[in-house]
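**Q**
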Amino acid sequence: MSADVAPPAPRPKSTGLHTGEIRPGVAKVDPIIVVDGVRRVFGGLTAVDVDHLEIPRNAITALIGPNGAGKTTLFNLLTGFDKPNAGTWSFDGRSLAGIPAYKTARMGQVRTFQLTKSLGLLTVLENMKLGAPKQAGERIGASILPFLWRKQEAEIEVKARELLARFKLDTKEKDFAASLSGGQRKLLEMARALMSDPTLVMLDEPMAGVNPALTQSLLDHILDLKDLGMTVVFVEHDMHMVRHIADWVVVMAEGRIVAEGPPDTVMREQAVIDAYLGAHQDVDLGVVTGRVAGELTPEGEALAEEAREIDAAIEADAAATETEDGK
Amino acid sequence: MAHARTAPVPRLHRRVVAALAFLAAAAAGVGILAGPAGSSWAATSADYPYTLKGNVRAAGESVPDATVRVTGQDEEGAAFEEEATTDKNGAWSVGVPTKDGTWTIELVESSLPSGVAVPDGFSFTQEATFGATSTVTRNFTLGAAERQTVGFWDQFLSRAVNGLNFGLMLALAAIGLSLVFGTTGLSNFAHGEMVTFGALMALLFTTGFGLSIWVAIPIAVIASAGLGLAMDAGLWRPLRRKGLGTVQLMIVSIGLSLALRYVYQMFVGGRTEQLPGAVAEVIPGLGPIRLTVTDLISMGVSIVVIVAFAWWLMRTRIGRATRAVSDNPSLAAASGIDVDGVVRVVWVVAAALAGLSGVLWAYFRPGIKWDMGTSILLLIFAAVTLGGLGTAFGALVGSIIVGLLVELSTLWIPSDLKYVGALVVLIVILLFRPQGILGRRERIG
Amino acid sequence: MNFLQIISNTLAQILAPATLGYVLAAIGLSVHFGFAGLLNMGVAGFMAIGAYGFAISILTFGLPWPLAALIGLAAAVVFALIMGIPTLRLRGDYLAIVTIAAAEVLRLLFLTSTFRPVTGSADGLSGFQAGFRASNPLPPGKWGWGPWTYQSDQWWVIIVGVITIAIAVLLVWALMRSPWGRVIRGIREDEDAVGSLGKNVFAFKMQALVVGGIIIAAGGIITAMGTNVNPNVYVTSQTFYVWTALLLGGAATIFGPVLGAVLFWMVRAFLSNLLPALVSIGWLPFLTPEQSQMLVFVLVGAALMLLVIFRPQGILGSKKELTFVR
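Each protein sequence line maps, in turn, to chains A, B and C. Residue numbers are given in the working numbering: position 125 of the first sequence equals residue 125, and the series is strictly consecutive. Take any residue in the second sequence, note its place counting from 1, add 1000, and you have its number in the working numbering. Take any residue in the third sequence, note its place counting from 1, add 2000, and you have its number in the working numbering.
(1) To the nearest angstrom, how far is it from the Cα of Leu2299(C) to the Cα of Thr2164(C)?
(2) Which residues in the same chain as Val1345(B) place their Cβ atom closer than 8 Å to its Cβ, once the five residues preceding and following it in sequence are excluded?
(3) Quick check: is the beta carbon of Val110(A) nearer than 8 Å to any beta carbon in chain C?
(4) Taking the alpha-carbon positions, what's the Gly261(A) to Thr15(A) distance?
(5) Roughly how many whole angstroms lie between the Cα atoms of Pro1284(B) and Ser1062(B)?
(6) Closer than 9 Å, Cβ to any Cβ of chain C: which residues of the stretch 1047-1067 of chain B, in chain order?
(7) I'd like the list of long-range same chain contacts for His2032(C), defined as Cβ closer than 7 Å, with 5 residues on each side in sequence excluded.
(8) Would you mind reading off the limits of the beta strand (DSSP E) that contains Ser1224(B)?
(9) Are the beta-carbon atoms of Ala1382(B) and Ala1350(B) separated by less than 8 Å?
(10) On the three-state DSSP scale, how would you describe Asp1154(B)?
(11) Got a sec: is the Cβ-Cβ distance from Ile1427(B) to anything in chain C below 8 Å?
(12) Using the beta-carbon of each residue, which ones in chain C are nearer than 8 Å to Glu54(A)?
(13) Straight-line CA distance for Pro206(A) to Leu1396(B)?
(14) Could you check where the beta strand (DSSP E) with Trp2148(C) kicks off and where it finishes?
(15) Given that Glu126(A) touches chain C, what residues does it touch there, using C-beta distances under 7 Å?
(16) Whole angstroms is fine: what's the gap from Leu125(A)'s alpha carbon to Trp2173(C)'s?
(17) For Ile2254(C), does the three-state DSSP call read helix, strand or coil?
(18) Hey, how far is the Cα of Trp1311(B) from the Cα of Val2023(C)?
(19) Where do the ends of the beta strand (DSSP E) carrying Phe91(A) lie?
(20) Bridge partners for His18(A) per DSSP, in chain order?
(21) Taking CB distances under 8 Å as the criterion, tell me whether Ser2030(C) reaches chain A.
(22) Which residues does DSSP pair with Ala1079(B) in a beta bridge?
(23) How many angstroms separate the CA atom of Glu254(A) from the CA atom of Val232(A)?
(24) Whole angstroms are fine: how far does the CA of Pro2117(C) sit from the CA of Ile2058(C)?
(25) So Trp2145(C) is in the beta strand (DSSP E); what residue range does that whole segment cover?
(26) Is the Cβ-Cβ distance between Met1169(B) and Ser1302(B) less than 8 Å?
(27) Within the same chain, show all residues whose beta-carbon is closer than 6 Å to that of Ser1111(B), passing over the 5 residues directly before and after it, in chain order.
(28) Is Phe42(A) helix, strand or coil by DSSP?
(29) Of all the options Gly70(A), Asp264(A), Arg23(A), which has the alpha carbon lying nearest to the alpha carbon of Asp49(A)?
(30) Counting only C-beta atoms, is Phe147(A) closer than 8 Å to chain C at any point?
(31) Could you work out which residue in Arg1240(B), Gly1367(B), Lys1242(B) is closest to Lys1088(B) when comparing CA atoms only?
(32) DSSP three-state label for Met107(A), please.
(33) With DSSP run on the structure shown, which of helix, strand or coil describes Val1192(B)?
(34) Which residues in chain A sit within 9 Å of Lys2205(C), going by Cβ to Cβ distance?
(35) Which of the residues in the stretch 2104-2129 of chain C, read from start to end, lie with their CB under 8 Å from any CB of chain B?
(36) Could you name the residues of the same chain whose beta carbon sits closer than 6 Å to that of Gly2028(C), not counting the 5 residues immediately before and after it, in chain order?
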């Protein structure tokens, strides 16, 4: 990947998404997702408790909040990977309650994962082909009769190569996905999700673990999705990343929606600063996470220490898996 | 586990080879130690390659202590005669030196307990010839005993007590399996062999060295604990360091189970050995409940050990650390718990409990056989799964349920299908409550 | 010690019905575990249900053998569905526990004296091969070459077995190069990723369980055609032997299971001929001939451990396409 970190060309933001006064749960002009009373409890701990939430169509919505705010859990609930204890939600006017994950994907709502799920034992091209919907060759009866699916397979391959070129992965198509860098895997996962021409793309921390050079191009790709007519929802815990690309920001803390609104408005809200940063409001999170160089107050130092511990635990896990893979 | 990548592979090679060598040596040790006690381990009919076997039943009930006499001719044409006594399940088996010729099997009428009815046309002798297989089965089925018209509830009570005894014994093994699973994620298929090991050690120190059973049992438990320590240090810890996945570890344990089982068979052969005191008097005055002193002691020992274990798990520092590791190993490691140390302790405790349950299982069956642990491995797994994978108290509850199920189901189904009931219930429960009885929903992923 | 005889016995094992049955079982297990990542610990159960389905259809219902074979396969499909429905939505080790338990339940049901008229209880079933042998188009008598000299009826079993193996290999090859196989291999690595792409993971896993189950049952049927059916064969250890054979050859490869199963039986035959011979000439002191037979199984267990630890991808597998993903 090229190392030039050109800032994304400024693109116009979508405005006028909501109706009425801005507050948590405000109605949108054209919502694609409507959530009502969704609650998820883990062993007595309420992870998600959302009274009402609407996601605007054809806009980029960022879901932000500190660690443990319930962002990923809400994502899992919306995409059918987890079941809530109560509540209803709909996508494009169709209720999704009790619908399994693969069906929500077929409806045009695809997602990526926080810990990238590129399939390391398949090649990059195979990963892409897996993303294509309605394949005749995936029916077991037809699969052993290649003449039934060869033509479609060729079409899928053309489309996959186009997408790979757009994501600058075309030179890697024969490599096993396991050999890609972390950032490339994120790109592959996103490209793979696009194989099904979704209407809604849900990205869980697309920027986590990606080096700064790739971050820019990832942000560009997210903006492209909107230009292509898709709706994007993404989870991020770094507010500064969000500011540049999001049209709408939803802030979660302790499982609840504490604020929402256009990025510049929301970042100034006291509720956000209180809930999101808690006692650490003078700490630049960019510095804590190591993305931005800067001085840290003692308080910030403690926070950074905490973050490093969590990182270490995650790495320990990853290392265990990696050695298993790499032997 | 964070330092997984730093472990040099050659060292691991050496470790694993050393571990296997250890097992082989340990096995050889058993054999050499067993040598002096040769007389009691000497060749009996079970050393012959061909087997005649069967069972004796009266009205669907097993008939224990009946004598079966086998007569025929050996390879040289000399007369061959051998007697066998039926065990608790009414089963008998006699080894014979050759497949050729016709063997006559006689059920000795005078050895039958009183009250067994002989149906019309019943023959006390049967003939058998060997076909392609090396085993021939001949059963004797007698009629209903008149005095055995025991009321349903009397039988129910009697079987329930038996089931409780069996369940407590299972629990000792299941708790260990569950602890190991909880802390390391390993489904240990060699756990059955750890059960057998305890029984074999008890046999070695009683029949072999002539020690009292009261001395031999603690020695057997300590030896089992030593086996657990050795297995962790020599095999499982190096493999965890190497970063083997749980499925790989599981298959390694399958290999270990096969190897150990046949090592046992090399030294004790295919026959069944008894521990001292296996035949005990039924305690009188308990009404319909048939309970021997041995049964009573066995239940008492199980309960005391389980209570002690519960105290250890809930009250001691290392017990709490064990629970923390079971909950979340990386979090436990991050909060300063020595995970490797905890796992080592868990292996020692699990192996000691398994060894003790092996001794009790030897009394319950009754008898010690090379594959006795394997024969209840699935029931142990069923108990652990029923209770909820990885929860120690779940394993206890699951074991008692399995024990009761196995014994009580014989009220309705033939006793040679008694394990089927428990295993079918396992499958059905997974349908409705996959997390088990005490397991948490989040664990099944 | 007659070394030539030992070699000859070893080579003869290549075409024995038990070997052919294991080859099919290992191919079926490669679909389950190697490609789809399903921990089927009930291989013996699938083989038993094929064999008993075949034998009972002929003996009790008097069906012609091809129809009986189809019933054996159909029974395996039902068995796979019963296994799969409760467990395929759960974590992998639940399938392992349920399959191993179900296989044992089957064995006990075949063993119990309650159903003796149908199952033959501990004696098993025999005398059901007449129809199959009557359909033998080969010239009668004993013919062949070197160690591979068999009766005409045995050749007929071998030919049917080898044809079945060829069909199974072709089928697995065609499935795994198709988009269906792509989904299956994706599921082995990460179910959630595949589910997020709109694939019904449960249905795919069930299909894989059924296809593999049919192939394993075919192995049971081929073995039954050559020998008798006996419940003591279908013990848990048999499942472990098939696993050893599969892992030896390479679980996620097309020809690995074939190679692995043949090698497994050759090595086993070699050792169980060689070790007693070594005992008889005094090269293995401390061991009796019976003990040397048990040593074979000790070595099988040790081999399984060493394989999984040091070469989990097997002989034919590549390091990149690792077998053990989780």
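The beta-carbon is built from N, C-alpha and C at its ideal position, and this holds for glycine as well.
**A** Based on what the coordinates show:
(1) Here the question's residue 2299(C) lines up with position 299 in the third sequence. Here the question's residue 2164(C) lines up with position 164 in the third sequence. Cα to Cα, the separation comes out at about 31 Å.
(2) Translated into the one-based positions of the second sequence, residue 1345(B) becomes position 345. Closer than 8 Å at Cβ, skipping near neighbours: Ile1318, Thr1322.
(3) Working through the first sequence from its first residue, we reach residue 110(A) at position 110. Interface residue, yes.
(4) Looking up residue 261(A) in the first sequence gives position 261. Looking up residue 15(A) in the first sequence gives position 15. Whole-angstrom Cα-Cα distance: 10 Å.
(5) Stepping through the second sequence from its first residue, residue 1284(B) is reached at position 284. Stepping through the second sequence from its first residue, residue 1062(B) is reached at position 62. Pro1284(B) and Ser1062(B): Cα-Cα distance of roughly 21 Å.
(6) Cβ contacts with chain C come from Asp1047, Pro1049, Lys1053, Gly1054, Asn1055, Arg1057.
(7) Position 32 of the third sequence, counting from 1, holds the residue named residue 2032(C). So the qualifying residues of the chain are Leu2038, Asn2040, Ala2208, Leu2209, Gly2212.
(8) Numbered from 1 along the second sequence, position 224 holds the residue referred to as residue 1224(B). Looking at the DSSP string, Ser1224(B) is not in any beta strand (DSSP E); the run it does join, the alpha helix (DSSP H), is 1213-1231.
(9) Against the second sequence, residue 1382(B) aligns to sequence position 382. Against the second sequence, residue 1350(B) aligns to sequence position 350. Result no, Cβ atoms of Ala1382(B) and Ala1350(B) do not sit closer than 8 Å.
(10) Indexing the second sequence from 1 puts residue 1154(B) at position 154. The answer is helix: DSSP assigns Asp1154(B) an H, G or I state.
(11) If you number the second sequence from 1, residue 1427(B) lands on position 427. It does; some Cβ of chain C falls within 8 Å.
(12) Along the first sequence, one-based indexing puts residue 54(A) at 54. Ordered by position in chain C, no residue passes the 8 Å Cβ test against Glu54(A), which lies about 23 Å from the chain.
(13) Here residue 206(A) refers to the residue found at position 206 of the first sequence. Here residue 1396(B) refers to the residue found at position 396 of the second sequence. A direct Cα-to-Cα measurement between Pro206(A) and Leu1396(B) gives close to 45 Å.
(14) Looking up residue 2148(C) in the third sequence gives position 148. Counting along the chain, the beta strand (DSSP E) containing Trp2148(C) begins and ends at 2148-2151.
(15) On the first sequence, residue 126(A) is found 126 positions in, with the first residue counted as 1. Those within 7 Å of Glu126(A) in chain C are Arg2182.
(16) Here residue 125(A) refers to the residue found at position 125 when the first sequence is read from its first residue. Here residue 2173(C) refers to the residue found at position 173 when the third sequence is read from its first residue. Each residue's alpha carbon lies about 20 Å from the other.
(17) Numbered from its first residue, the third sequence carries residue 2254(C) at position 254. Coil, per DSSP.
(18) The residue labelled residue 1311(B) in the question sits at position 311 within the second sequence. The residue labelled residue 2023(C) in the question sits at position 23 within the third sequence. Their backbone Cα atoms lie some 52 Å apart in a straight line.
(19) Taking the first sequence and counting its residues from 1, one reaches residue 91(A) at position 91. 86-91 is the extent of the beta strand (DSSP E) around Phe91(A).
(20) As a first step, residue 18(A) must be located in the first sequence, where it is residue number 18. DSSP, once it has assigned bridges, lists Lys28(A) as partnering His18(A).
(21) By one-based count along the third sequence, residue 2030(C) stands at place 30. By this cut-off, Ser2030(C) is not an interface position.
(22) As a position in the second sequence, residue 1079(B) is number 79, starting the count at 1. DSSP, once it has assigned bridges, lists Gln1073(B) as partnering Ala1079(B).
(23) Looking up residue 254(A) in the first sequence gives position 254. Looking up residue 232(A) in the first sequence gives position 232. Glu254(A) and Val232(A): Cα-Cα distance of roughly 23 Å.
(24) Numbered from its first residue, the third sequence carries residue 2058(C) at position 58. Numbered from its first residue, the third sequence carries residue 2117(C) at position 117. Looking at the two C-alpha atoms, the distance is approximately 14 Å.
(25) Within the third sequence, numbered from 1, the residue matching residue 2145(C) stands at position 145. Start and end: 2142-2145.
(26) Against the second sequence, residue 1169(B) aligns to sequence position 169. Against the second sequence, residue 1302(B) aligns to sequence position 302. Yes.
(27) Against the second sequence, residue 1111(B) aligns to sequence position 111. Same-chain partners within the cutoff: Ala1066, Thr1067.
(28) Here residue 42(A) corresponds to residue number 42 of the first sequence, with the count starting at 1. Phe42(A): strand per DSSP, three-state reduction.
(29) What you label residue 49(A) is simply residue 49 of the first sequence in a count that begins at 1. For Asp49(A), the nearest C-alpha among the options comes from Gly70(A).
(30) Within the first sequence, numbered from 1, the residue matching residue 147(A) stands at position 147. Taking Cβ atoms only, chain C never reaches closer than 8 Å to Phe147(A), which makes this a no.
(31) Position 88 of the second sequence, counted from the start, is the residue given in the question as residue 1088(B). Closest option to Lys1088(B), Cα to Cα, is Gly1367(B).
(32) What you label residue 107(A) is simply residue 107 of the first sequence in a count that begins at 1. Coil at Met107(A), not helix or strand.
(33) Here residue 1192(B) refers to the residue found at position 192 when the second sequence is read from its first residue. This sequence places Gly at residue 1192(B); Val is not what is there. The answer is helix: DSSP assigns Gly1192(B) an H, G or I state.
(34) Counting from 1 along the third sequence, the entry for residue 2205(C) is found at position 205. Within 9 Å Cβ-Cβ: nothing; Lys2205(C) doesn't reach chain A, min ~12 Å.
(35) Glu2104, Val2105, Leu2108, Leu2109, Leu2111, Thr2112, Ser2113, Thr2114, Ser2121, Ala2122, Asp2123, Gly2124, Ser2126
(36) For the purposes of this step, residue 2028(C) is taken as the residue at position 28 of the third sequence. The answer, listed in chain order, is Gly2212, Ile2215, Ile2216.
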